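Student:
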Amino acid sequence: SVPVTIRELSNEDALQLALVENLQREDLNPVEETEGILQLLGLRLKIPPIDVPPLLYRMRNEVIGNTNQNVLINSEAQAVERVFAELGTISWESFATARLPLLRLPPEILEALRSGKIAYTKAQAIARIKDDQRRHQLLTEALSQDLSLAQIKAEIASLKAAKGDIEARDSSLKGQIDDVLRLAKRSQVWTDPKKQRRLEKLLAELKTLVTDTD
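Count along the sequence shown starting at 1, add 2, and that's the number in our numbering.
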């Protein structure tokens, strides 16, 4: 025999207890924990989970003095604080600044994090790549090759360096074209028929080059 406690609970109360119990799991990943806490806060505050992040951001703004007036009902703030005190795993301030941004990660990274395929710190690093194709490529490499955080950061640094080289070359070419146009406008090419015919050919080639979509 084992000691048991039998309680009469409503469906909502039973769901809250189940959420609290689930949030105590050691194998819970950051996305699951974030979504579970939002659901629990929504139940306690009797608002949709989607309305919880704006509430937490307003609380944080009040704490750091980024608002001119108290825009929160005191009971709401107290309810939020009670939930995090009950969980005892993270403060509401840390949750607002470190966990809520997880939900704004690119979809493919959020899914990899939710399914436990990648660590939180690695996901954050890869998410900083703005180019969708390069970000997806690095994520695929990180998962298939089990890259360390240091290796991921090295790959990101390499991508940034390559991008800088391309932008520098583009800038140099554009500058050269601008310089040639300025010289051409001041030259005597416009009064020389032979040079004009050659210039027309060069312009035709240039036009073909810049309008070619292949």
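Cβ coordinates follow ideal geometry from the N, Cα and C atoms, glycine included.
None of the values given here were measured: they were computed from a predicted structure.
If you follow the alpha helix (DSSP H) that Ser117 is part of, which residue opens it and which one closes it?
Tutor: For the purposes of this step, residue 117 is taken as residue 115 along the sequence shown, with counting starting at 1. Unbroken run through Ser117: none, as it is neither H nor E.
Student: Give me the Cα-Cα distance between Leu204 and Gln198, rounded to the nearest whole angstrom.
Tutor: Locating residue 204 in the sequence shown gives position 202, counting from the first residue. Locating residue 198 in the sequence shown gives position 196, counting from the first residue. Spanning the two alpha carbons is a distance of roughly 10 Å.
Student: Helix, strand or coil: how does DSSP classify Gln190 here?
Tutor: In the sequence shown, counting from the first residue as 1, residue 190 sits at position 188. Secondary structure at Gln190: coil, using DSSP grouped into helix, strand and coil.
Student: At which residues does the alpha helix (DSSP H) containing Asp134 begin and terminate?
Tutor: Looking up residue 134 in the sequence shown gives position 132. Counting along the chain, the alpha helix (DSSP H) containing Asp134 begins and ends at 134–147.
Student: Quick one: what does DSSP say Leu30 is sitting in, helix, strand or coil?
Tutor: For the purposes of this step, residue 30 is identified with residue 28 of the sequence shown, where counting begins at 1. Coil at Leu30, not helix or strand.
Student: Hey, Leu58 and Val82: beta-carbon distance below 9 Å or not?
Tutor: Start at 1 with the first residue of the sequence shown, and residue 58 comes out as number 56. Start at 1 with the first residue of the sequence shown, and residue 82 comes out as number 80. Yes, these two residues count as a Cβ contact at 9 Å.
Student: Tell me, to the nearest whole angstrom, how far the beta carbon of Lys155 is from that of Ala127; I am working on the premise that it is less than 8 Å.
Tutor: Mapped onto the sequence shown, residue 155 falls at position 153. Mapped onto the sequence shown, residue 127 falls at position 125. With a Cβ gap of about 6 Å, Lys155 and Ala127 count as contacting.
Student: What separation, rounded to the nearest whole angstrom, lies between the Cα atoms of Glu88 and Leu107?
Tutor: Position 86 of the sequence shown, counted from the first residue, corresponds to residue 88. Position 105 of the sequence shown, counted from the first residue, corresponds to residue 107. Cα atoms of Glu88 and Leu107: separation of roughly 28 Å, rounded to the nearest angstrom.
Student: Using the C-alpha atoms, what's the distance from Gln139 back to Ala129?
Tutor: As a first step, residue 129 is located in the sequence shown; it is residue number 127 there, counting from the start. As a first step, residue 139 is located in the sequence shown; it is residue number 137 there, counting from the start. In a straight line, the C-alpha of Ala129 is about 12 Å away from that of Gln139.
Student: When the distance is taken between beta carbons, is Thr7 closer than 9 Å to Leu102?
Tutor: What you label residue 102 is simply residue 100 of the sequence shown in a count that begins at 1. What you label residue 7 is simply residue 5 of the sequence shown in a count that begins at 1. Result no, Cβ atoms of Leu102 and Thr7 do not sit closer than 9 Å.
Student: Determine the burial state of Val212: buried for a count of at least 16 other Cβ atoms within 10 Å of its Cβ, exposed for fewer.
Tutor: Sequence index remark: in the sequence shown, residue 212 carries index 210 (1-based). Its Cβ having fewer than 16 others within 10 Å, Val212 is exposed.
Student: Taking only three categories from DSSP, how would you classify Leu107?
Tutor: For this step, residue 107 is matched to residue 105 along the sequence shown. Looking at Leu107 - three-state DSSP - the assignment turns out to be coil, as it is neither helix nor strand.
Student: Measuring straight from C-alpha to C-alpha, what distance separates Ala152 and Ser189?
Tutor: Here the question's residue 152 lines up with position 150 in the sequence shown. Here the question's residue 189 lines up with position 187 in the sequence shown. If you take the alpha carbons of Ala152 and Ser189, they lie about 55 Å apart.
Student: How about Ala114 and Leu141: do their beta carbons lie closer than 9 Å?
Tutor: Within the sequence shown, numbered from 1, the residue matching residue 114 stands at position 112. Within the sequence shown, numbered from 1, the residue matching residue 141 stands at position 139. Yes. Within cutoff.
Student: Where does Arg130 fall in DSSP's three states?
Tutor: Position 128 of the sequence shown, counted from the start, is the residue given in the question as residue 130. Coil.
Student: Could you tell me the alpha carbon to alpha carbon distance between Ser146 and Ala159, rounded to whole angstroms?
Tutor: The residue you call residue 146 lines up with position 144 of the sequence shown. The residue you call residue 159 lines up with position 157 of the sequence shown. Each residue's alpha carbon lies about 20 Å from the other.
Student: Going by DSSP in three states, Val65 sits in which element: helix, strand or coil?
Tutor: Counting from one through the sequence shown, the residue named residue 65 turns up at place 63. In the displayed model, Val65 falls within a helix according to three-state DSSP.
Student: To the nearest whole angstrom, what separates the beta carbons of Leu43 and Val85, a pair I think is in contact under 8 Å?
Tutor: Position 41 of the sequence shown holds residue 43. Position 83 of the sequence shown holds residue 85. By a beta-carbon distance limit of 8 Å, Leu43 contacts Val85. Their separation comes to about 6 Å.
Student: If you reduce the DSSP assignment to three classes, tell me which class Ala79 lands in.
Tutor: Residue 79 sits at position 77 when you count from the first residue of the sequence shown. Helix.
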